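Report on the structure given below.
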Amino acid sequence: HQLAEQAAAMKNATGVEKIVGDFWASGMDEAKINALGISPLKADLDAIDALADKDAIANYLRTSAAKGENVLFGFGPEADFKNSSMNMAYASQGGLGLPDTTYYTDAKKADKLKAYQAHVAKVLELSGVAAADAAKQAGDVVKFETRLAKASKSSVELSRDVSLYYNPVTVADADKLTPNFSWSRFFEAQGIAAPEKFSLAIPGFHQEVSKMLGDTDPAMWRAYLRFHTIDGASPYLSDAFVQENYDFYGKALNGQKEIKARWKRVLGTIEGEAGDAFGQLYVKVAFSPEAKAKMEELVKNLAAALKERIQNLSWMSDETKAKAIAKWETFTPKIGYPDKWRDWSGLQTTHDDYLGNIRAATAFNYKWELSKIGQPVDKTEWGMTPQTVNAYYNPMQNEIVFPAAILQPPFFDPNADDALNYGGIGAVIGHEMTHGYDDQGARFGPTGNMEDWWTPADAKGFAGRTGKLINQFNEYKVGDQHVDGKLTLGENIADLGGLATAYDALQKASAGKEDPKVDGFTRDQRFFFNWATVWRSKYTPENAKVRLATDPHAPAQFRAMGAPSNLPTFAAAFQCKAGSPMVRTGDKQVVIW
Numbered sequence: 290h291q292l293a294e295q296a297a298a299m300k301n302a303t304g305v306e307k308i309v310g311d312f313w314a315s316g317m318d319e320a321k322i323n324a325l326g327i328s329p330l331k332a333d334l335d336a337i338d339a340l341a342d343k344d345a346i347a348n349y350l351r352t353s354a355a356k357g358e359n360v361l362f363g364f365g366p367e368a369d370f371k372n373s374s375m376n377m378a379y380a381s382q383g384g385l386g387l388p389d390t391t392y393y394t395d396a397k398k399a400d401k402l403k404a405y406q407a408h409v410a411k412v413l414e415l416s417g418v419a420a421a422d423a424a425k426q427a428g429d430v431v432k433f434e435t436r437l438a439k440a441s442k443s444s445v446e447l448s449r450d451v452s453l454y455y456n457p458v459t460v461a462d463a464d465k466l467t468p469n470f471s472w473s474r475f476f477e478a479q480g481i482a483a484p485e486k487f488s489l490a491i492p493g494f495h496q497e498v499s500k501m502l503g504d505t506d507p508a509m510w511r512a513y514l515r516f517h518t519i520d521g522a523s524p525y526l527s528d529a530f531v532q533e534n535y536d537f538y539g540k541a542l543n544g545q546k547e548i549k550a551r552w553k554r555v556l557g558t559i560e561g562e563a564g565d566a567f568g569q570l571y572v573k574v575a576f577s578p579e580a581k582a583k584m585e586e587l588v589k590n591l592a593a594a595l596k597e598r599i600q601n602l603s604w605m606s607d608e609t610k611a612k613a614i615a616k617w618e619t620f621t622p623k624i625g626y627p628d629k630w631r632d633w634s635g636l637q638t639t640h641d642d643y644l645g646n647i648r649a650a651t652a653f654n655y656k657w658e659l660s661k662i663g664q665p666v667d668k669t670e671w672g673m674t675p676q677t678v679n680a681y682y683n684p685m686q687n688e689i690v691f692p693a694a695i696l697q698p699p700f701f702d703p704n705a706d707d708a709l710n711y712g713g714i715g716a717v718i719g720h721e722m723t724h725g726y727d728d729q730g731a732r733f734g735p736t737g738n739m740e741d742w743w744t745p746a747d748a749k750g751f752a753g754r755t756g757k758l759i760n761q762f763n764e765y766k767v768g769d770q771h772v773d774g775k776l777t778l779g780e781n782i783a784d785l786g787g788l789a790t791a792y793d794a795l796q797k798a799s800a801g802k803e804d805p806k807v808d809g810f811t812r813d814q815r816f817f818f819n820w821a822t823v824w825r826s827k828y829t830p831e832n833a834k835v836r837l838a839t840d841p842h843a844p845a846q847f848r849a850m851g852a853p854s855n856l857p858t859f860a861a862a863f864q865c866k867a868g869s870p871m872v873r874t875g876d877k878q879v880v881i882w
């Protein structure tokens with residue numbers, strides 16, 4: 290936050306310093322935000338109150354989307370699954386206030402749905418709706434969203450079948466599918482030419498929205514749109530709205546014990562709305578050439594170890610191995626921060642209008658996204674900011690990306706011994722590479738196009754092995770709730786392959802070197818200790834339940850234990866006895882990559 294404070298204090302700041310400084314100054318001005326109350330939303334709420342019929346509502350959905358404020362469905366560019374060098378427009382499902390469809394349909398989560406309805410009523414009351422009317426409208430909002438949820442795919446379905454996102458249609462055909470919502474007029478409202486084709490993902494969802502435009506009372510639509518307009522802005526409004534937003538999403542849904550300090554929330558807003566701009570300031574003080582050089586060496590060593598593992602697989606044919614190696618040869622690593630930064634000169638911000646800055650950035654970012662549709666994919670672009678402690682694999686560019694912020698302890702320390710670095714960032718590098726061969730990555734070829742490169746026998750062998758991993762994770766429990774082995778499959782494959790690959794790479798890097806004990810532990814033991822260390826986490830019971838339903842990662846304690854329990858090298862490192870929970874053998878052991 291010191292970087293943001295410094296930017297805010299600069300006189301006559303320009304460029305990204307001005308943007309970051311304006312966000313910080315306006316976001317920290319609590320007195321002004323409180324004095325404004327809900328008044329910054331007055332024009333929006335007046336427009337919603339005037340919506341009298343389906344045509345007016347459909348038009349409102351189009352025009353609000355053009356400002357980047359589309360509550361009902363996601364819309365933006367993504368690489369074409371069948372031609373990954375070109376960007377295509379994708380429309381996807383959305384519109385729900387709760388984390389997943391199951392919150393509306395699963396009786397076990399009825400208490401959360403009831404709490405959500407009370408939250409909707411409270412937000413509407415805070416906006417000036419009389420208590421009795423707010424209670425009725427809240428019931429309408431929940432009915433409305435339940436109908437959307439029943440037409441939507443769940444987190445599990447979406448995370449494990451990437452092809453659900455790919456449904457190319459012409460605009461004319463889309464218009465026929467949704468007679469009450471014109472896609473040709475939607476593209477016109479966004480200010481872009483209608484493409485030859487776009488992906489209307491989850492068509493059943495969009496058909497349901499069209500039906501709801503025709504058969505749902507406009508009053509119900511108004512209640513839904515009013516609530517979501519206020520709810521989306523609540524974290525940036527006066528204290529009463531901030532508190533209610535925290536009371537439901539923080540406390541009731543996720544079990545948080547206290548609201549984050551304002552400076553942390555403002556920093557989170559800067560990250561969300563102008564993260565790349567902030568990243569330009571961050572890397573000047575937080576990333577060394579030495580760290581980058583060490584990281585490049587680790588990536589090279591991990592890649593070599595993965596290639597060797599693929600070549601030595603006993604269950605895969607030479608034909609499929611050759612295709613897997615061809616994909617390996619086109620891996621592109623990105624380390625630290627982008628070679629080319631975004632141009633932020635078109636974003637106008639001020640020192641004294643927090644919500645105005647957020648909305649300006651939202652519209653600016655949306656226009657930038659729209660400009661990519663129908664254009665070649667920019668391979669220099671990053672999907673994460675440099676200050677993010679994370680990493681990712683992008684199957685359509687076949688790239689592995691490691692932001693500067695992950696290059697710190699416990700993941701990485703240029704002064705630490707190899708065992709710790711290979712057990713930390715090394716396993717993360719291996720994890721991201723293995724994503725190229727997980728249940729979704731395995732559906733994309735070397736150039737990033739969705740294609741089938743497997744022999745039928747190998748595809749069957751892969752399914753058998755991944756099925757065993759699903760069953761393995763299904764057995765883990767948090768309280769009385771099981772982990773979902775299907776939802777977490779891709780991450781579990783990546784953990785298993787990544788850890789095994791990192792171990793192999795460590796052995797190569799350590800060949801011929803002595804293995805002195807450090808604090809009484811061998812090199813191999815320290816490697817596995819750091820794997821466990823990087824996953825240390827604490828969840829509230831409520832947040833753990835949300836994650837079990839929506840997070841494609843297994844709970845951290847099972848990430849720490851799951852992959853090592855399949856590795857004989859772990860059992861050997863700690864002299865585990867046969868039959869112990871951390872020793873899987875025979876049919877119980879899973880080896881994929």
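So the sequence shown is numbered by the working numbering: it starts at 290 and just counts up by one.
For glycine and all other residues, C-beta sits at the position ideal for the given N, C-alpha and C.
In this text, all values refer to a predicted model and were calculated from it rather than measured experimentally.
Three-state class that DSSP yields for residue i in the structure shown
i      : result
GLU658 : helix
GLU688 : strand
GLN770 : strand
ASP369 : strand
SER488 : strand
VAL880 : coil
PHE516 : helix
PRO745 : helix
MET375 : strand
SER826 : coil
ALA404 : helix
ALA898 : There is simply no residue 898 to check, as the chain begins at 290 and stops at 882 in what is shown.
PRO507 : helix
PRO457 : strand
GLY363 : strand
Among the options, nearest to residue i - alpha-carbon criterion
i      : options                           : result
TYR682 : GLU721, ALA650 and GLU658         : GLU721
GLY564 : ALA478, LYS661, PRO692 and VAL835 : PRO692
LYS834 : TYR726, PHE576, ASP400 and ASN704 : ASP400
PRO329 : GLY521, GLN496 and TRP510         : GLY521
PRO507 : ALA314, ILE337 and PHE620         : ILE337
ARG511 : GLY809, GLY768, LEU361 and ALA541 : LEU361
PRO703 : PHE751, ILE662, LYS581 and GLU670 : LYS581
SER603 : ILE481, VAL430 and GLY750         : GLY750
ALA410 : ALA424, SER416, SER452 and GLU358 : ALA424
GLY774 : ASN738, ASP741, LEU758 and LEU785 : LEU758
GLU562 : GLU670, TRP633, ARG474 and GLU803 : TRP633
ALA483 : VAL458, PHE494, VAL772 and THR505 : VAL458
PHE476 : LEU453, ALA867, ALA380 and PHE567 : ALA380
Limits of the unbroken beta strand (DSSP E) element including residue i
i      : result
ILE683 : What sits at residue 683 in the sequence shown is Asn, not Ile. First-last of the beta strand (DSSP E) with ASN683: 681 to 683.
THR777 : Element bounds for THR777: n/a, residue is neither H nor E.
GLY625 : 621 to 625
Burial state of residue i, where buried means 16 or more other Cβ atoms lie within 10 Å
i      : result
ASP592 : Contrary to the premise, residue 592 reads as Ala rather than Asp in this sequence. Classification for ALA592: buried.
ASP311 : buried
ARG551 : exposed
PRO468 : exposed
GLY539 : buried
GLY635 : exposed
ARG351 : buried
GLU319 : exposed
PRO853 : buried
VAL807 : exposed
Proximity test, residue i beta-carbon vs the ligand ADP heavy atom, cut-off 7 Å
i      : result
ALA693 : This structure lacks the ligand ADP; in fact it carries no ligand of any kind.
Rounded distance between the beta-carbons of residue j and residue i, thought under 8 Å
i      : j      : result
HIS408 : PHE530 : Incorrect: roughly 12 Å between the Cβ atoms, too far for contact.
TRP743 : THR609 : 5 Å
TYR525 : ILE346 : Actually they are not in contact, since the Cβ atoms of TYR525 and ILE346 sit about 25 Å apart, beyond 8 Å.
LEU595 : LEU292 : Contact flag wrong, Cβ pair sits at about 37 Å.
LYS442 : LEU453 : 6 Å
VAL498 : PHE470 : 6 Å
ASP728 : GLY779 : 6 Å
The alpha helix (DSSP H) enclosing residue i, as first and last residue numbers
i      : result
PHE733 : Careful: PHE733 lies outside any alpha helix (DSSP H) and carries neither H nor E.
ILE308 : 304 to 317
PRO830 : 830 to 839
ALA821 : 812 to 823
GLY712 : Neither: GLY712 is in no alpha helix (DSSP H) and is coded neither H nor E.
MET871 : Run containing MET871: none; DSSP gives neither H nor E here.
GLU618 : 607 to 618
LYS398 : Careful: LYS398 lies outside any alpha helix (DSSP H) and carries neither H nor E.
Short CB-CB distance (under 8 Å) between residue i and chain B
i      : result
TYR349 : In the structure shown, chain B cannot be found, because there is only a single protein chain.
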